[in-house]
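Asker:
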Amino acid sequence: MSHSRETILEQTRKILTELFEIERTDLTEDALLYEDLDIDSIDTVDLLIELKRFTGKEIQPQSFSESRTLGDIVTVIAEH
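Note that the sequence shown covers residues 1 to 80 in our numbering.
(1) Among Gln62, Ile59 and Leu27, which one has its Cα closest to the Cα of Glu10?
(2) Using a Cβ-Cβ cutoff of less than 7 angstroms, which residues in the same chain neighbour Leu32 once the five nearest sequence positions on both sides are dropped?
(3) Span of the alpha helix (DSSP H) holding Asp26?
(4) From what residue to what residue does the alpha helix (DSSP H) around Ser65 run?
(5) First and last residue of the alpha helix (DSSP H) that includes Gln11?
(6) Determine the direct distance from the alpha carbon of Thr7 to that of Val74, and round the result to whole angstroms.
(7) To the nearest angstrom, how far is the alpha carbon of Lys57 from that of Ile22?
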């Protein structure tokens with residue numbers, strides 16, 4: 001099943017809000033994962049697991065290695 005970029009963005013925001021208690025207003029596409037959202041590498045793995053469940057796609061952690069913003073993550077997921 002293919003998801004639109006907007007659907008992936010909304011689901012990613014939902015996951016970040018629920019798992020990491022990040023304010024939804026902080027979850028803009030240009031929000032920096034580490035600097036703005038305080039998402040570390042372990043948090044990224046947890047996010048990746050949840051996004052795999054949502055998309056049903058196998059997403060390699062290496063795909064996230066160059067992601068710097070929320071928008072970057074959405075792009076990686078949308079392209080898989």
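Glycine is no exception: its CB is placed at the ideal position from the N, C-alpha and C atoms.
Note that this is a predicted model, so its numbers are computed, not measured.
Answerer: According to the structure shown:
(1) Leu27
(2) Arg68 and Thr69
(3) Taken as a continuous stretch (DSSP letters only), Asp26 belongs to no alpha helix (DSSP H), as it is neither H nor E.
(4) Looking at the DSSP string, Ser65 is not in any alpha helix (DSSP H), and its letter there is neither H nor E.
(5) If you look at Gln11, you'll find it in the alpha helix (DSSP H) that goes Arg5 to Phe20.
(6) 9 angstroms
(7) Each residue's Cα considered, the two are about 25 angstroms apart.
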